[in-house]
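All the letters of the sequence shown, read from the start, carry residue numbers 1 to 240 under UniProt numbering.
C-beta atoms are modelled at their ideal positions from N, C-alpha and C, and glycine is treated no differently.
Only one structure is covered here, and it is reproduced in the block below.
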Amino acid sequence: MKYLYILKVGETFPQTKQKYNDFDSWISRFLKKSKNRIKTINILKNEKLPNLKSATGFIITGSHSMVTHELPWSIQLEQYIKKISKRDIPLLGICYGHQLIAKALGGKSDFNKNGKEIGVVKINTLQKHNHDPILKALPKKFYAYETHYQTVVKLPYNAKRLAKNKKENHQIVRFKTNIWGVQFHPEFDINIMKEYILNQEDDLKKLGFNIDKLLNGLSSCDVSSKILKNFEKITQNSLK
């Protein structure tokens, strides 16, 4: 049997984990057609990376770490990403995963010059790329959940920007034929987003954010989860 692997590169806040579980479960709940083929590899626990022949696809989660810290496990995963890219295996990166893919394939990730982005934000897809399979059934403009300091500041050669907004130029990127990244969090729901605001409250206040405004601005962003469902369909096509 072949598997859709979730490469888990971080953990949520302890109290959030107690309430709502963790990154991999947030992702897998949207992959219902693959529920018997999903395997999580915990990168932080040095679990062995799978043989590429056993994979229909990979999803790299977000992380509270920074790509620029170049932690040993992150550097190792970069090399694995390069191997995946050579085999044309579907790969999706979320937030940290998105930034790490960019770095691994020759781009650059660093702190966003526009500052931290958090809460519900509007995403604008680029019309010239609206035929891309990762964007299927997504409207030209939709809302998504965000929490990040760092970003992709330089795309790898031949990468295509599929979506952006006022604060972030690379909200969705197609890096290669079967490799995508998203800066936002399609796996979040309104409760998880609230947790991320409250757990960062002190730091956010120091940055000038109005906590009440962020909380009052929360709303459902279910449409963004179509990214995960579209990616799942792409991995299923590789089984045919």
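Would residue 182 pass as a contact of residue 227 if the rule is Cβ separation under 9 Å? Contact: yes.
Use the C-beta contact count for residue 99: other C-beta atoms within 10 angstroms, 16 or more gives buried, fewer gives exposed. Per the 10 Å Cβ criterion, buried.
From 125, 154, 55, 46, residue whose alpha carbon lies closest to that of residue 85: Of 125, 154, 55, 46, the residue nearest in Cα terms is 55.
Report the residue from 195, 35, 219 whose alpha carbon sits nearest the alpha carbon of residue 18. Residue nearest to residue 18 within the set 195, 35, 219 is 195 (criterion: CA-CA distance).
Check for me: the alpha helix (DSSP H) holding residue 57 runs from which residue to which? Looking at the DSSP string, residue 57 is not in any alpha helix (DSSP H); the run it does join, the beta strand (DSSP E), is 55–60.
Which partner residues of residue 146 appear in the DSSP bridge assignment? Beta-bridge pairing links residue 146 to 119.
CB residue 94 to CB residue 38, shorter than 9 Å? Result no, Cβ atoms of residue 94 and residue 38 do not sit closer than 9 Å.
Own chain, CB closer than 6 Å to residue 167, minus 5 neighbours either side, in chain order: 114, 117, listed in sequence order.
Give me the residue from 214, 208, 211, 3 with the minimum Cα distance to residue 91. Ranked by how close their Cα comes to the Cα of residue 91, the residues 214, 208, 211, 3 have 3 in first place.
So residue 102 packs on residue 162, CB below 8 Å; how close in whole Å? That pair is no contact at about 13 Å.
In chain order, each beta strand (DSSP E) run of at least 3 residues that lies wholly inside the segment 76–145: Taken in chain order, the complete beta strand (DSSP E) segments of 3 or more residues contained in the segment 76–145 are 91–94, 108–111, 117–125.
Under DSSP, the alpha helix (DSSP H) around residue 16 begins and ends at which residues? If you look at residue 16, you'll find it in the alpha helix (DSSP H) that goes 14–20.
Identify whether residue 235 lies in helix, strand or coil by the three-state DSSP scheme. Helix at residue 235.
Determine the contact status of residue 61 and residue 10, defining contact as a CB-CB distance below 9 Å. Yes.
Please name the residue in 35, 122, 126, 82 whose C-alpha comes closest to that of residue 105. Between residue 105 and the set 35, 122, 126, 82, the nearest pair of CA atoms involves 82.
Own chain residues within Cβ distance below 7 Å of residue 217, not counting five before or after: Closer than 7 Å at the Cβ level, and outside the excluded window around residue 217, lie 119, 120.
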